[in-house]
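A quick write-up on the structure given underneath.
There are 2 protein chains.
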Amino acid sequence: MISSCSLSTETLQRIYGQGARECPSPNEQLTLVFSQSRPFDLLELEELLDAVGWSRRPVRRVRRALDNSLLKVGLWRHDPKFPRLVGFARCTGDGILEATIWDVAVHPLYQGAGLGKQLMAYILESLKEMGLDSVTLFADPGVVAFYERQGWVLEPNGHRCAFWYPK
Amino acid sequence: MISSCSLSTETLQRIYGQGARECPSPNEQLTLVFSQSRPFDLLELEELLDAVGWSRRPVRRVRRALDNSLLKVGLWRHDPKFPRLVGFARCTGDGILEATIWDVAVHPLYQGAGLGKQLMAYILESLKEMGLDSVTLFADPGVVAFYERQGWVLEPNGHRCAFWYPK
Numbered sequence: 001m002i003s004s005c006s007l008s009t010e011t012l013q014r015i016y017g018q019g020a021r022e023c024p025s026p027n028e029q030l031t032l033v034f035s036q037s038r039p040f041d042l043l044e045l046e047e048l049l050d051a052v053g054w055s056r057r058p059v060r061r062v063r064r065a066l067d068n069s070l071l072k073v074g075l076w077r078h079d080p081k082f083p084r085l086v087g088f089a090r091c092t093g094d095g096i097l098e099a100t101i102w103d104v105a106v107h108p109l110y111q112g113a114g115l116g117k118q119l120m121a122y123i124l125e126s127l128k129e130m131g132l133d134s135v136t137l138f139a140d141p142g143v144v145a146f147y148e149r150q151g152w153v154l155e156p157n158g159h160r161c162a163f164w165y166p167k
Numbered sequence: 168m169i170s171s172c173s174l175s176t177e178t179l180q181r182i183y184g185q186g187a188r189e190c191p192s193p194n195e196q197l198t199l200v201f202s203q204s205r206p207f208d209l210l211e212l213e214e215l216l217d218a219v220g221w222s223r224r225p226v227r228r229v230r231r232a233l234d235n236s237l238l239k240v241g242l243w244r245h246d247p248k249f250p251r252l253v254g255f256a257r258c259t260g261d262g263i264l265e266a267t268i269w270d271v272a273v274h275p276l277y278q279g280a281g282l283g284k285q286l287m288a289y290i291l292e293s294l295k296e297m298g299l300d301s302v303t304l305f306a307d308p309g310v311v312a313f314y315e316r317q318g319w320v321l322e323p324n325g326h327r328c329a330f331w332y333p334k
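Residue numbers (the working numbering), protein chains in the order written: chain A, 1 to 167; chain U, 168 to 334.
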């Protein structure tokens, strides 16, 4: 993986907002940026979540859920005019004692190059600044090993996660 | 369990705030009330959480975590002058797609009479009004059966819960 810093701070901030940061890119031709403030095109976000197989949710509800999230991270393929959303994750929580990570997605075309790992590292670094007691997530069967490799503790001491679905 | 409605709506609202509701009581001498708006005495809340064995957290951080919670529920032992906090739970989340329940506690002196079950039912009813996709929680080993009996789905399809602790 080649880690190049090809964008000036001024460009980063102008296009991607305060605190945006380049993501180490697996490819010289590709400049990738993490942003917590560049607004999402909700149709583009829906396409990304569709591509990784999340169930479709009404755009209006997604917008409100994003508004109520503690943190939203976009991973953008840089283009001066048309940056493209290639990764996403968000957190909810009180931001003081706990936070929970949801909807982690990297577009299939960009998978296999360590970007999911970079995305998680970026989020945890942002959350670390909040001084939380713990960060939690619910892992689908296919990604349990992914989180385990990154040091997540799975079900410590017999904890279980429980889901309740309104009828 | 005797379910009596001994308080007038006016009294309920004056002491416990808008939307407060009596909780079916296991004992004629005992009037219990659910409230989402009566402010907590943080030392009293700390005592309650201590009594059920939660780890102690600085009051200042607990206050901010409560401020950032989606829902806070107190279960009060009614007294016209000095209501006493005997149960508690809170939720975080976006309030649109998901919510997570934390810190469910019933004081040991009031356990074994179905109040934990009542508290969960009350919370789920409140969350149901939000139209969420799902509600989640992390269950300690000792209470897994408690949630299972109430219809919670544990680790569906091999899902795992993962915890990350800042170093």
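Where is the CB? At the ideal position from N, CA and C, for every residue including glycine. Predicted, not measured: the structure shown is a model, and the values here were computed from it.
Discussion item. With a threshold of 9 Å between beta-carbons, can residue 170 (chain U) be considered close to chain A, or not?
Written reply: The residue you call residue 170 (chain U) lines up with position 3 of the second sequence. Only weak support is given to the placement of residue 170 (chain U): the predicted model assigns it a pLDDT of 49, under 50, and the value that follows is read from those uncertain coordinates. Output row for residue 170 (chain U): interface = no.
Discussion item. Let me make sure I understand the geometry here. Which of U:192, U:238, U:199 and U:269 has the alpha-carbon closest to that of residue 134 (chain A)?
Written reply: Stepping through the first sequence from its first residue, residue 134 (chain A) is reached at position 134. Considering only alpha carbons, the answer is U:269.
Worksheet item: Does any CB atom of chain U fall closer than 9 Å to the CB of residue 151 (chain A)?
Response: Numbered from its first residue, the first sequence carries residue 151 (chain A) at position 151. For residue 151 (chain A), the answer is yes, since a Cβ of chain U falls inside 9 Å of its Cβ.
Worksheet item: With C-beta atoms as the reference, is residue 70 (chain A) less than 9 Å away from residue 87 (chain A)?
Response: Counting from 1 along the first sequence, the entry for residue 70 (chain A) is found at position 70. Counting from 1 along the first sequence, the entry for residue 87 (chain A) is found at position 87. In this structure, residue 87 (chain A) does not lie closer than 9 Å to residue 70 (chain A) by Cβ.
Item to complete: Tell me where the alpha helix (DSSP H) around residue 182 (chain U) begins and ends.
Response: Numbered from 1 along the second sequence, position 15 holds the residue referred to as residue 182 (chain U). Segment 176-183, the alpha helix (DSSP H) holding residue 182 (chain U).
Discussion item. Which residues does DSSP list as the beta-bridge partners of residue 260 (chain U)?
Written reply: Taking the first residue of the second sequence as 1, we reach residue 260 (chain U) at position 93. Answer is U:266, bridged to residue 260 (chain U).
Discussion item. Counting only beta-carbon separations shorter than 9 Å, does residue 232 (chain U) have a partner in chain A?
Written reply: If you number the second sequence from 1, residue 232 (chain U) lands on position 65. So, interface residue.
Discussion item. I'd like the list of long-range same chain contacts for residue 100 (chain A), defined as Cβ closer than 7 Å, with 5 residues on each side in sequence excluded.
Written reply: Position 100 of the first sequence holds residue 100 (chain A). These residues qualify, in order along the chain: 91, 92, 93, 136 and 137.
Worksheet item: So, is the C-beta of residue 301 (chain U) closer than 9 Å to a C-beta in chain A?
Response: For the purposes of this step, residue 301 (chain U) is taken as the residue at position 134 of the second sequence. Chain A, which has a Cβ nearer than 9 Å to the Cβ of residue 301 (chain U), makes this yes.
Worksheet entry | Reduced DSSP category for residue 238 (chain U) - H, G, I as helix; E, B as strand; rest coil | The residue given as residue 238 (chain U) occupies position 71 in the second sequence. Residue 238 (chain U): strand per DSSP, three-state reduction.
Discussion item. Counting only Cβ-Cβ distances shorter than 7 Å, please list the residues of the stretch 179-191 of chain U near chain A, keeping chain order.
Written reply: none
Worksheet item: First and last residue of the beta strand (DSSP E) that includes residue 160 (chain A)?
Response: Working through the first sequence from its first residue, we reach residue 160 (chain A) at position 160. Run containing residue 160 (chain A): 160-164, per the beta strand (DSSP E) assignment.
Worksheet item: Looking at residue 193 (chain U) and residue 276 (chain U), is the spacing between their C-beta atoms short of 9 Å?
Response: As a working mapping, residue 276 (chain U) is identified with position 109 in the second sequence. As a working mapping, residue 193 (chain U) is identified with position 26 in the second sequence. Contact flag unset, no.
Worksheet item: CA-CA distance, residue 330 (chain U) and residue 21 (chain A)?
Response: Residue 330 (chain U) sits at position 163 when you count from the first residue of the second sequence. Residue 21 (chain A) sits at position 21 when you count from the first residue of the first sequence. The straight-line gap from Cα to Cα measures roughly 26 Å.
Practice prompt. Locate the beta strand (DSSP E) running through residue 126 (chain A), then write down its first and last residues.
Written response: Numbered from 1 along the first sequence, position 126 holds the residue referred to as residue 126 (chain A). Premise fails: residue 126 (chain A) lies in the alpha helix (DSSP H), 115-128, not in any beta strand (DSSP E).
Worksheet item: Based on the DSSP output, what are the partners of residue 322 (chain U) in its beta bridges?
Response: In the second sequence, the residue the question calls residue 322 (chain U) occupies position 155. Answer by DSSP bridge pairing: none, since residue 322 (chain U) is not bridged.
Worksheet item: Shorter than 9 Å from the beta carbon of residue 141 (chain A) to some beta carbon of chain U?
Response: As a working mapping, residue 141 (chain A) is identified with position 141 in the first sequence. The beta carbon of residue 141 (chain A) sits closer than 9 Å to some beta carbon of chain U.
Practice prompt. Pull up the DSSP beta-bridge partners for residue 251 (chain U), would you.
Written response: As a working mapping, residue 251 (chain U) is identified with position 84 in the second sequence. Answer is U:244, bridged to residue 251 (chain U).
Worksheet item: In three-state terms, what does DSSP make of residue 21 (chain A)?
Response: For the purposes of this step, residue 21 (chain A) is identified with residue 21 of the first sequence, where counting begins at 1. DSSP places residue 21 (chain A) in strand when its eight states are reduced to three.
Fill in: For residue 223 (chain U) and residue 214 (chain U), believed in contact at Cβ under 8 Å, the rounded distance
Position 47 of the second sequence, counted from the start, is the residue given in the question as residue 214 (chain U). Position 56 of the second sequence, counted from the start, is the residue given in the question as residue 223 (chain U). About 11 Å separates the two Cβ atoms, so there is no contact after all.
Item to complete: Kindly list, in the order they appear in chain A, the residues whose Cβ is closer than 7 Å to that of residue 235 (chain U).
Response: Numbered from 1 along the second sequence, position 68 holds the residue referred to as residue 235 (chain U). Under the 7 Å cutoff, chain A gives 94, 95 and 96.
Practice prompt. Please say whether residue 23 (chain A) and residue 168 (chain A) have beta carbons closer to each other than 9 Å?
Written response: The structure shown does not extend to residue 168 (chain A), since chain A is modelled only from 1 through 167, so no value can be given for it.
Item to complete: Taking residue 274 (chain U) as the reference, give the member of U:228, U:234, U:322 and U:256 with the closest Cα.
Response: As a first step, residue 274 (chain U) is located in the second sequence; it is residue number 107 there, counting from the start. Considering only alpha carbons, the answer is U:256.
Worksheet item: Using CA coordinates, which residue listed in U:280, U:319, U:312 and U:327 is at the minimum distance from residue 147 (chain A)?
Response: Taking the first residue of the first sequence as 1, we reach residue 147 (chain A) at position 147. The option with the nearest alpha carbon to residue 147 (chain A) is U:327.
Worksheet item: With a cut-off of 9 Å, does the C-beta of residue 77 (chain A) fall near any C-beta of chain U?
Response: In the first sequence, the residue the question calls residue 77 (chain A) occupies position 77. Closer than 9 Å: no.
Worksheet item: Does any C-beta atom of chain U lie closer than 9 Å to the C-beta of residue 148 (chain A)?
Response: The residue you call residue 148 (chain A) lines up with position 148 of the first sequence. Chain U places a beta carbon closer than 9 Å to that of residue 148 (chain A), counting this residue as a contact.
Worksheet item: Using the rule of at least 16 other Cβ atoms within 10 Å of the residue's Cβ for burial, across every protein chain shown, is residue 35 (chain A) buried or exposed?
Response: As a position in the first sequence, residue 35 (chain A) is number 35, starting the count at 1. Its Cβ being crowded by 16 or more others within 10 Å, residue 35 (chain A) is buried.
Fill in: Coil, strand or helix - residue 212 (chain U) by DSSP
What you label residue 212 (chain U) is simply residue 45 of the second sequence in a count that begins at 1. Helix.
Worksheet entry | Neighbourhood of residue 7 (chain A) by C-beta, 8 Å cutoff - its chain only, sequence neighbours within 5 removed | Position 7 of the first sequence, counting from 1, holds the residue named residue 7 (chain A). Correct list, in chain order: 22, 31, 33 and 78.
Worksheet item: Leaving out the 5 sequence neighbours to the left and right, which residues in its chain are closer than 6 Å to residue 226 (chain U) when beta-carbon positions are compared?
Response: To locate residue 226 (chain U), count along the second sequence from 1; it is residue 59. The answer, listed in chain order, is 209.
Worksheet item: According to the neighbour-count rule (16 or more other Cβ atoms, all chains shown, within 10 Å of its Cβ), is residue 98 (chain A) buried or exposed?
Response: Counting from 1 along the first sequence, the entry for residue 98 (chain A) is found at position 98. The residue is buried, with at least 16 neighbouring Cβ atoms inside 10 Å.
Fill in: Three-way DSSP call (helix, strand, coil) for residue 305 (chain U) in this model
For the purposes of this step, residue 305 (chain U) is identified with residue 138 of the second sequence, where counting begins at 1. Of the three classes helix, strand and coil, the one that applies to residue 305 (chain U) here is strand, per DSSP.
Worksheet item: How is residue 276 (chain U) classed by DSSP in three states: helix, strand or coil?
Response: Along the second sequence, one-based indexing puts residue 276 (chain U) at 109. In this structure, residue 276 (chain U) counts as helix in the three-state DSSP scheme.
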